[in-house]
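Participant:
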Amino acid sequence: MSLSNEAGAELVLRPATAADTQQIIALVDSVYREYGDRICLDDADSDLLTAHDHYARLGGEFVVLAGRDCVRGIHAVVPLADRSGVCTFRRLYLDPALRGSGAGEQLMRWALDRAREMNFQRVEFWSDTRFSRAHRFFKRLGFQPDGRVREMHDAWTPYQEYFFYQDL
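Residue numbers (my numbering): 131 to 298.
Right, dumping it as structure tokens:
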């Protein structure tokens, strides 16, 4: 898949590679820093050190939305090992300059299409409570919160997450 960004430059959706690792980490860290946090590669974010094959080992896929020389967005689809027919979405992050451009929707549409192709009947995921703009986006695309909130202590500072789901 490809699309053009705000400057008309082409963005390409493709599988992540080892060469993308540092840019993936930098993208996620930059988003966390918007919220006064930082990446924690020792725990919560250790999957990013080998994202190019970590998600494949789990039976899923991890993609990047890349410009000419940089990663501008990421997303992953992963089966839930303990729930047949259910997958989770992980790591939907987007360069702030692309928010509202349709790029996030393209990443989410890819994930929904891929989940259907992989014969999943349901998507479930958790999202940091601080990401209120993302929560509005998820709801617009048909995801529903079910009211659950969990406490997380796997990063530099504790945080909470909301649970979202969608039947496919």
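Glycine is no exception: its CB is placed at the ideal position from the N, C-alpha and C atoms.
With DSSP run on the structure shown, which of helix, strand or coil describes A233?
Facilitator: Indexing the sequence shown from 1 puts residue 233 at position 103. A233 falls in the helix class under three-state DSSP.
Participant: Assuming S72 is part of the alpha helix (DSSP H), what are its boundary residues?
Facilitator: Only positions 131 to 298 of the chain appear in the structure, and residue 72 is not among them; the question remains open.
Participant: Specify whether the region 277 to 293 and the region 171 to 187 touch according to this definition: at least 3 beta carbon pairs, one from each stretch, less than 8 Å apart.
Facilitator: yes
Participant: Do A211 and R221 count as a contact pair if the criterion is CB distance below 8 Å?
Facilitator: Here the question's residue 221 lines up with position 91 in the sequence shown. Here the question's residue 211 lines up with position 81 in the sequence shown. Not in contact: R221 and A211 (Cβ atoms no closer than 8 Å).
Participant: Whole angstroms are fine: how far does the CA of V253 sit from the CA of A186?
Facilitator: Walking along the sequence shown from the start, residue 186 turns up at place 56. Walking along the sequence shown from the start, residue 253 turns up at place 123. Computed Cα separation, rounded: 18 Å.
Participant: Classify M248 as helix, strand or coil using the three-state DSSP reduction.
Facilitator: If you number the sequence shown from 1, residue 248 lands on position 118. If DSSP states are grouped into helix, strand and coil, M248 belongs with coil.
Participant: Label V279 either buried or exposed according to how many other C-beta atoms from any shown protein chain fall within 10 Å of its C-beta, with 16 as the threshold for buried.
Facilitator: To locate residue 279, count along the sequence shown from 1; it is residue 149. Around the C-beta of V279, fewer than 16 other C-beta atoms lie within 10 Å, and the residue is accordingly described as exposed.
Participant: To the nearest angstrom, how far is it from the Cα of P226 to the Cα of L195?
Facilitator: Walking along the sequence shown from the start, residue 226 turns up at place 96. Walking along the sequence shown from the start, residue 195 turns up at place 65. P226 and L195: Cα-Cα distance of roughly 13 Å.
Participant: For the beta strand (DSSP E) containing H205, name the first residue and the last one.
Facilitator: Here residue 205 corresponds to residue number 75 of the sequence shown, with the count starting at 1. It spans 201 to 209 - the beta strand (DSSP E) in which H205 sits, taken as one unbroken run.
Participant: Check whether the Cβ atoms of W240 and L143 sit closer than 8 Å, and answer yes or no.
Facilitator: As a working note, residue 240 is residue 110 in the sequence shown. As a working note, residue 143 is residue 13 in the sequence shown. Taking 8 Å as the Cβ cut-off, W240 and L143 qualify as a contacting pair.
Participant: For S176, which of helix, strand or coil comes out of DSSP?
Facilitator: Residue mapping note: residue 176 aligns to position 46 of the sequence shown, counting from 1. Helix, per DSSP.
Participant: Quick one, which of N249, L242, A245, F273 has its alpha-carbon nearest W256's?
Facilitator: Position 126 of the sequence shown, counted from the first residue, corresponds to residue 256. The residue with the shortest Cα to Cα distance from W256 is F273.
Participant: Buried or exposed: where does Y223 fall if 16 or more other Cβ atoms within 10 Å of its Cβ makes it buried?
Facilitator: Here residue 223 refers to the residue found at position 93 when the sequence shown is read from its first residue. Looking at its Cβ environment, which holds 16 or more other Cβ atoms inside 10 Å, Y223 is buried.
Participant: Please state the DSSP three-state secondary structure of E136.
Facilitator: As a first step, residue 136 is located in the sequence shown; it is residue number 6 there, counting from the start. Reliability of the predicted coordinates at E136 is poor, the pLDDT of 46 falling under 50, and no value is obtained from them.
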